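Trainee: Have a look at this one before I ask anything.
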Amino acid sequence: MQSLRQSFAAAVRPSLRSALVLFRPAFGESRGFAASSAARSWLLPKSGDHGSTRKGRPRVPIGGSMRGTTVVWGDYGLRMTDHHRRLTALQLRNAEETIKKKLRGMKYRLYTRISANIPVYTKGNETRMGTGKGSMDYWASRVPVSRVILELKGEVHEQIVRDAFRVAAAKLPGNYETIKKGDVPCIGVTRLTPENIEKMLARKGAPIDPLKRWVGQSGAVTPSS
Numbered sequence: 201m202q203s204l205r206q207s208f209a210a211a212v213r214p215s216l217r218s219a220l221v222l223f224r225p226a227f228g229e230s231r232g233f234a235a236s237s238a239a240r241s242w243l244l245p246k247s248g249d250h251g252s253t254r255k256g257r258p259r260v261p262i263g264g265s266m267r268g269t270t271v272v273w274g275d276y277g278l279r280m281t282d283h284h285r286r287l288t289a290l291q292l293r294n295a296e297e298t299i300k301k302k303l304r305g306m307k308y309r310l311y312t313r314i315s316a317n318i319p320v321y322t323k324g325n326e327t328r329m330g331t332g333k334g335s336m337d338y339w340a341s342r343v344p345v346s347r348v349i350l351e352l353k354g355e356v357h358e359q360i361v362r363d364a365f366r367v368a369a370a371k372l373p374g375n376y377e378t379i380k381k382g383d384v385p386c387i388g389v390t391r392l393t394p395e396n397i398e399k400m401l402a403r404k405g406a407p408i409d410p411l412k413r414w415v416g417q418s419g420a421v422t423p424s425s
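For the sequence shown, the numbering used here assigns the number 201 to the initial residue and increments by one for each residue that follows.
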């Protein structure tokens, strides 16, 4: 009798374990950000494996690319206007929390257009040469000029959104502007207004194909047409 009980328990135990694992809540559903460890926070990429990366520079498009310079998902956007730079995950978090505090109680949705997926390594002061790259300190994102950082969509007045973006921009390094959906894109720091399009098309060596593609898609009219 005892041998039958042992064999029955051995047969049932694996199925019970699989059932418990199946009905166990996911990590993101059972614990919030305040109770999560640093390795499980939304500031880090999902994959914890990362290798040593070079410092690098933000990729500045010089061939006429306009990707990422307009509002895509929301109604308003926060766009960098002065210079390309590297933004840390903590800076992005502070900007998002500032907007959430300003718009508390309102119906909206906030989109983040960039991702902090670049590991940054640091070494201590007065460290001798040849000791390696150092230890991983924080995550950052390389942001080119005229890139839209944040987008917002919802039932919020335009002036309230502009005020929230102004306070959030004060938490970030650099200069920023608030744009609306349908505003003209940029090539570098140049806005593609009809006057600027006419000047760029007349310039020798200008990226003609992207400009003509933008004029055809948007229906923009140049001064000469």
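We treat Cβ as the ideally placed atom computed from N, Cα and C, and that holds for glycine.
Predicted model only: the values in this text are computed from it and were never measured.
Between Gly-263, Arg-313, Lys-255, which has its C-alpha nearest Arg-286's C-alpha?
Mentor: Taking the first residue of the sequence shown as 1, we reach residue 286 at position 86. Nearest C-alpha to Arg-286: Lys-255.
Trainee: Can you tell me whether DSSP reads Ile-262 as helix, strand or coil?
Mentor: In the sequence shown, the residue the question calls residue 262 occupies position 62. Of the three classes helix, strand and coil, the one that applies to Ile-262 here is coil, per DSSP.
Trainee: Which word fits Glu-351, buried or exposed, when buried means at least 16 other C-beta atoms lie within 10 angstroms of its C-beta?
Mentor: Translated into the one-based positions of the sequence shown, residue 351 becomes position 151. Counting Cβ neighbours within 10 Å, Glu-351 comes out buried, since at least 16 surround it.
Trainee: In chain order, what residues of the same chain have a beta carbon less than 6 Å from the beta carbon of Thr-288, not counting five sequence neighbours either side?
Mentor: Sequence index remark: in the sequence shown, residue 288 carries index 88 (1-based). Taken in chain order, the residues that qualify are Tyr-338, Ala-340.
Trainee: Residues in the same chain with beta-carbon distance under 6 Å from Thr-322, minus the five sequence neighbours each way, listed in chain order, please.
Mentor: Counting from one through the sequence shown, the residue named residue 322 turns up at place 122. So the qualifying residues of the chain are Gly-334, Asp-337.
Trainee: Which residue's Cα is closest to the Cα of Thr-317: Met-400, Pro-258, Lys-381, Thr-390?
Mentor: Working through the sequence shown from its first residue, we reach residue 317 at position 117. Checking the displayed sequence, the identity of residue 317 turns out to be Asn instead of Thr. The option with the nearest alpha carbon to Asn-317 is Pro-258.
Trainee: Between the alpha carbons of Asp-363 and Val-320, how many angstroms are there, rounded?
Mentor: Your numbering for residue 363 matches position 163 in the sequence shown. Your numbering for residue 320 matches position 120 in the sequence shown. Asp-363 and Val-320: Cα-Cα distance of roughly 32 Å.
Trainee: What number of angstroms, rounded off, separates the C-alpha of Tyr-311 from the C-alpha of Arg-347?
Mentor: Looking up residue 311 in the sequence shown gives position 111. Looking up residue 347 in the sequence shown gives position 147. About 14 Å.
Trainee: Please work out which residues of its chain come closer than 7 Å, Cβ to Cβ, to His-283, disregarding the five sequence neighbours upstream and downstream, and give them in chain order.
Mentor: For the purposes of this step, residue 283 is taken as residue 83 along the sequence shown, with counting starting at 1. Only Val-345, Gly-374 meet the Cβ criterion.
Trainee: On the DSSP letters alone, give me the boundaries of the beta strand (DSSP E) that Leu-372 sits inside.
Mentor: Reading the sequence shown from its first residue, position 172 is the one you call residue 372. Leu-372 -> no beta strand (DSSP E), and no H or E assigned at all.
Trainee: Classify Thr-390 as buried or exposed, calling it buried when 16 or more other Cβ atoms lie within 10 Å of its own Cβ.
Mentor: For the purposes of this step, residue 390 is taken as residue 190 along the sequence shown, with counting starting at 1. Per the 10 Å Cβ criterion, exposed.
Trainee: Roughly how many whole angstroms lie between the Cα atoms of Gln-359 and Arg-366?
Mentor: Reading the sequence shown from its first residue, position 159 is the one you call residue 359. Reading the sequence shown from its first residue, position 166 is the one you call residue 366. The alpha-carbon atoms of Gln-359 and Arg-366 are separated by roughly 10 Å.
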